[in-house]
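Trainee:
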Ligand SMILES: [Fe+2]
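Numbering (this note's numbering), first residue to last: 324 to 584.
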């Protein structure tokens, strides 16, 4: 699986502070079935990371990961705040995009909603960038009015939900919102948003399983959200999310009828 949103790089934001902690996270990610991680440290007023900082961090940690015998590939990225995304020039944005693909992971604000966001997405598209909205289900504005997200997606954005939101790690309202967005085809990618090996750990399988149950499909029918979709995004080509149509249970998978009488 490919994880498009996590805070694996040490010392750049509120993720791990030491390389040892980052390696522990990397091991946990591999154990959870992740083979590729796009490293997405915050780029925000509080964490003014530059593209060069992130690239150096990826190179260094990839080296450590290889030396530790962990089978995990890292690619650069960033989680960019809405406050900063339109203040960066094209070169900076390209180097902050996921694997240089032109796809920008933009953090949905937890409170408030920039009225210029829909317009901003259109302007970024004209500049050659596409937007993947990070964890909209955690945004109060989306919780109150999910159609705000529909507006962004109608302008070419896609949405990434945290797998942990389906598990319930962020409270009931976030879980309800994640499920509502899922039913309305407003979730395209699942990612971990992992911050440590234990608190918000790597891995998306449990969230995928719960999301699938919610839609009435088998977990493997949502593989696009954690494999093919993220791969298409990292390659920067055309991304076409599928519709997830329930597949009937095979006869042998049906629970036997209870004896009557
Ligand atoms: Fe994040």
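For every residue, glycine included, the Cβ atom is placed at its ideal position computed from N, Cα and C. This structure is a prediction, so every number in the text was calculated from the model and none was measured.
Please enumerate, following chain order, all residues with a beta carbon closer than 5 Å to at least one heavy atom belonging to ligand 1.
Mentor: Here the residues come out as 402, 516.
Trainee: Bridge partners for residue 404 per DSSP, in chain order?
Mentor: As a position in the chain shown, residue 404 is number 81, starting the count at 1. Looking at the DSSP assignment, residue 404 forms a beta bridge with 430.
Trainee: Tell me, to the nearest whole angstrom, how far the beta carbon of residue 425 is from that of residue 452; I am working on the premise that it is less than 8 Å.
Mentor: Mapped onto the chain shown, residue 425 falls at position 102. Mapped onto the chain shown, residue 452 falls at position 129. Confirmed, about 5 Å.
Trainee: Let's see if you can read the secondary structure: which residues bound the beta strand (DSSP E) around residue 563?
Mentor: Within the chain shown, numbered from 1, the residue matching residue 563 stands at position 240. Careful: residue 563 lies outside any beta strand (DSSP E) and carries neither H nor E.
Trainee: Please state if the CB of residue 521 and the CB of residue 460 are separated by a distance shorter than 8 Å.
Mentor: Here residue 460 refers to the residue found at position 137 of the chain shown. Here residue 521 refers to the residue found at position 198 of the chain shown. In this structure, residue 521 does not lie closer than 8 Å to residue 460 by Cβ.
Trainee: Determine whether the beta carbon atoms of residue 445 and residue 422 lie at a separation below 8 Å.
Mentor: Counting from 1 along the chain shown, the entry for residue 445 is found at position 122. Counting from 1 along the chain shown, the entry for residue 422 is found at position 99. No, the pair does not count as a contact, with Cβ atoms beyond the cut-off.
Trainee: Residues bridged to residue 453 by DSSP?
Mentor: Numbered from 1 along the chain shown, position 130 holds the residue referred to as residue 453. 426, per the DSSP bridge assignment.
Trainee: Using only CA atoms, which one of 439, 406, 531, 539 lies nearest to residue 547?
Mentor: Start at 1 with the first residue of the chain shown, and residue 547 comes out as number 224. Selected option, being the one with the closest Cα: 531.
Trainee: Is the stretch 534-554 in contact with the stretch 363-378, if contact means three or more CB pairs nearer than 8 Å?
Mentor: No: fewer than three Cβ pairs fall under 8 Å.
Trainee: Starting from residue 391, follow the beta strand (DSSP E) in both directions and report where the run begins and ends.
Mentor: Position 68 of the chain shown, counted from the first residue, corresponds to residue 391. Segment: none, residue 391 is in no beta strand (DSSP E) and carries neither H nor E.
Trainee: Residue 358 and residue 395 look like a contact to me (Cβ under 8 Å); what is the Cβ gap, rounded to whole Å?
Mentor: The sequence position of residue 358 within the chain shown is 35, counting from 1. The sequence position of residue 395 within the chain shown is 72, counting from 1. The pair is a contact, with the Cβ atoms about 7 Å apart (cut-off 8 Å).
Trainee: Specify, as a first and last residue, the run of the alpha helix (DSSP H) that residue 343 falls within.
Mentor: By one-based count along the chain shown, residue 343 stands at place 20. 342-354 is the extent of the alpha helix (DSSP H) around residue 343.
Trainee: What is the C-beta distance between residue 475 and residue 440, in whole angstroms, given that I count them as a contact (C-beta under 8 Å)?
Mentor: As a position in the chain shown, residue 475 is number 152, starting the count at 1. As a position in the chain shown, residue 440 is number 117, starting the count at 1. About 7 Å; that satisfies the 8 Å criterion.
Trainee: Below 8 Å CB to CB, which residues in the same chain sit around residue 578 once its five sequence neighbours on both sides are set aside?
Mentor: Position 255 of the chain shown, counted from the start, is the residue given in the question as residue 578. Low confidence applies to residue 578: its pLDDT is 49, below 50, so where it sits in the model is not reliable enough to give any reading.
Trainee: Can you give the Cα-Cα distance for residue 376 and residue 404, rounded to whole angstroms?
Mentor: Here the question's residue 376 lines up with position 53 in the chain shown. Here the question's residue 404 lines up with position 81 in the chain shown. Going by the C-alpha atoms only, they are around 17 Å apart.
Trainee: Out of 483, 385, 341, point me to the one whose CA is closest to residue 327's CA.
Mentor: As a position in the chain shown, residue 327 is number 4, starting the count at 1. Closest by alpha carbon: 483.
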